[in-house]
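K.L.:
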Amino acid sequence: MVHESVRYANERHQFGKSISSFGAIKAKLAEQAIKTWVGESMIYRTLGMIEAGVGAVDSKDMDARLRAIEEYAAECSIIKVALSEYCDYVVDEMVQIYGGYGYSADYPAERAYRDSRINRIFEGTNEINRMLIIQMLMKRAMGGQLPLIPAAMKLYLRPR
Ligand SMILES: Cc1cc2nc3c(=O)[nH]c(=O)nc-3n(C[C@H](O)[C@H](O)[C@H](O)COP(=O)(O)OP(=O)(O)OC[C@H]3O[C@@H](n4cnc5c(N)ncnc54)[C@H](O)[C@@H]3O)c2cc1C
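Numbering (the numbering used here), first residue to last: 36 to 195.
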């Protein structure tokens, strides 16, 4: 989507210039690139942690492998919510950069816009994933795996 947005913005001319030379379009392209990079980085980081966890247990012990993956269920929900919303943002700006052509099925922005929208609904709607994130974090905090309660107590007991 970023690639197509940049290509089209360079190609399309208005007022005697390519639209990519306009500050408003540059800002859109930059924000698309930021969200894509942040999203990819979140995935690489989490996959690295999952791989390390799975690699640390007996490769024949399927239960242990599944437990190692489940350890990062909250992170996976966070990624699902964040990236589906980033994707909608990026594709919405793609439609905007294409202008009227963004709305036309003859251009790639329209298909990307329709395809992106489902991501906030399937694989657990974002509303449900948001609830799961909190449930999983609270469970870990109550089980002492996440030092949330000591951190909260420290804040509460801090001299004012
Ligand atoms: C193209 C496509 C492909 C799909 N592929 C698969 C697949 O491969 N496998 C599969 O199992 N399913 C698949 N689904 C189904 C998909 O997972 C469901 O549509 C999705 O889980 C939402 O369920 P629902 O449609 O029944 O919506 P509902 O459960 O009726 O939800 C409607 C709205 O209410 C909200 N809501 C519901 N409960 C709560 C709550 N407790 N608190 C707050 N908000 C709530 C939802 O977030 C949503 O916004 C697919 C759907 C589509 C459209």
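Cβ coordinates follow ideal geometry from the N, Cα and C atoms, glycine included.
Given the structure is predicted, the values throughout are model-derived calculations rather than measurements.
Please list, in chain order, all residues of the same chain as Met177 whose beta carbon is under 8 Å from its beta carbon, the five residues on each side excluded.
P.N.:
Closer than 8 Å at the Cβ level, and outside the excluded window around Met177, lie Ile184.
K.L.:
Take the Cβ of Tyr43 as the centre, count every other Cβ of all protein chains shown within 10 Å, and call the residue buried at 16 or more, exposed below.
P.N.:
Looking at its Cβ environment, which holds 16 or more other Cβ atoms inside 10 Å, Tyr43 is buried.
K.L.:
Which residue marks the beginning of the alpha helix (DSSP H) containing Val92, and which one marks its end?
P.N.:
Run containing Val92: none; DSSP gives neither H nor E here.
K.L.:
Return helix, strand or coil for Ser139, following the three-state DSSP convention.
P.N.:
Coil, per DSSP.
K.L.:
Give the list of continuous alpha helix (DSSP H) stretches no shorter than 4 residues that lie fully inside the stretch 129-187.
P.N.:
The qualifying runs are 143-152 and 161-177.
K.L.:
Pull up the distance between the alpha-carbon of Val89 and that of Gln170, whole angstroms please.
P.N.:
About 24 Å.
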